[in-house]
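With the working numbering as the guide, the letters of the sequence shown map in order to residues 758 to 1054. No residue lacks a Cβ here, since even glycine has one placed at the ideal position from N, Cα and C. The structure under discussion appears below in the form of C-alpha cells.
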Amino acid sequence: MRSALAPALLALALAGNPPAAPTYSTDPPPRAVDFGDEGTIDWCSLLDPAPLRSLGAFQTPSAVGFEHCLSSAGDGAWVRVGAPGSAADDYPSAPVERASDGSTVLTVENAPDGECVKQVAFPGGGVVEVTARSAQGTPLCAAVDVQVGAVRAAVAAGGPGHVEVAGPTLRTADPCAAAPAGVVRSTRVLASAEPVRLPLSHTCRWRPAYGGPNGLTVTVTLTHETAEAGKGREETTLDGTPLAVHQSPVGCTAVVPVRPAQDGQEVVSVTARAANGTDKCPISGGIARAAAAALAG
C-alpha cells in the first residue's frame, strides 16, 4: 500500500521547501558547582562590599550564625548573603532569570519587612540567597543585583571558602536528624511529615505532604548566636520550666542552648508556623528541647 505521506513529501520537495532538519545544541552542559562541605561554608567569602560603596558606606562583612554574612552601612542599610530561608517551590509563580553559566536567579515574591530577596541556584543544587534593605526600610534591589554578580564571580573563581572546625560543634550536625522524628510526628497534624533540608543550610523543614502553604510547618535550625541575640525574646514556661521564645501572629520560635561557644553559644532554634491562631509555642518548645537533649548527648 502506498503511503499517504509520500505525495505530501514530494510536493514539498518540488516546491523547494523540504522538511527542516532537527537542530541540536553543541553547547556543553552547565558545569555542576561543588560547594564542598555545606556545613562549613564561609558565607563572607561570597559577599564583596567593594562594589556596594557606590550605594553607601558598607562595612567589612561579618558572619551571622552559621547561615549568613552581613554588611551594613552607617545609615542602617544592610546586605546579607547566605543559605536560603525558603525553597524555590514555595514561590511557584516567581520570576526566574537564566544565565549562560547555567545558574538561575529567582526573585522572592512578597518578601517581608521591605526586603529585596533573590536566590541564585547553580547546577548541582547549590542555592545562595541575597537580601538587602535600605535605611528607610524599603527594598534595596540595586545592592542585591550587585551581590548576585559578586556571588557568581566568586563561584566561577573556585567557589566559597570554608571555616576550620575544631572540637564538637553543631556546624557539622545534620539538622534533619537533630529533632527526634517521633517527637515531631507526635503532633497530629505532623504525623505524616517528612524532613527536607534546605540547600547549603543548617535548617530542616518538616511539613506534611497534604498541608499546603498555609498548613503547619516546623523548621529546625542549628546555629551560633551571641549573648545580645536573645535580648528581644520573651520568657514563657513549658512543663513548668522556663523557655525563651519569640512569638508572632502566625508562629512561635523557641530557642534552647546546646553548648557554650566562642563569643556566645550554639543553639537549636525551632519555629512552628501556621495560618491559624493556635498557640504554637508548646510545639516548637517541645521539639527544641528534645533536639537540644539529643545534640548535647
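Please report the straight-line C-alpha distance between residue i and residue j, rounded to a whole angstrom.
i	j	result
residue 958	residue 1045	18 Å
residue 1048	residue 966	23 Å
residue 948	residue 1010	20 Å
residue 1043	residue 979	16 Å
residue 764	residue 907	Confidence in residue 764 is poor, its pLDDT being 41 and thus under 50, which makes the residue's placement unreliable; the coordinate value appears in the next sentence. Cα-Cα distance, rounded: 59 Å.
residue 1017	residue 986	14 Å
residue 914	residue 937	40 Å
residue 810	residue 918	23 Å
Compare the C-beta of residue i with all C-beta atoms of chain D and state if any pair is closer than 7 Å.
i	result
residue 943	Among the chains in the structure shown there is no chain D, since it carries only a single protein chain.
From the DSSP output, which residues share a beta bridge with residue i?
i	result
residue 991	1002
residue 799	918
residue 872	In the DSSP output, where bridge partners are listed per residue, residue 872 has none listed.
residue 825	821, 839
residue 961	954, 977
residue 877	862, 885
Kindly give me the distance between the Cβ atoms of residue i and residue j, rounded to whole angstroms, as I take these residues to be in contact under 8 Å.
i	j	result
residue 923	residue 1052	Their Cβ separation, rounded to whole angstroms, is 18 Å, which puts residue 923 and residue 1052 out of contact at 8 Å.
I need the DSSP call for residue i, collapsed to helix, strand or coil.
i	result
residue 942	coil
residue 1042	helix
residue 830	strand
residue 983	coil
residue 1019	coil
residue 1007	coil
residue 928	helix
residue 790	coil
residue 812	coil
residue 804	coil
residue 1052	helix
residue 947	helix
Problem - Stretch pair the stretch 890-902 + the stretch 858-876: three plus CB contacts closer than 8 Å - result: yes
Practice task
Decide yes or no for the touch test of the stretch 990-1008 against the stretch 1028-1037: beta carbon pairs closer than 8 Å, at least 3 of them.
Solution key: yes
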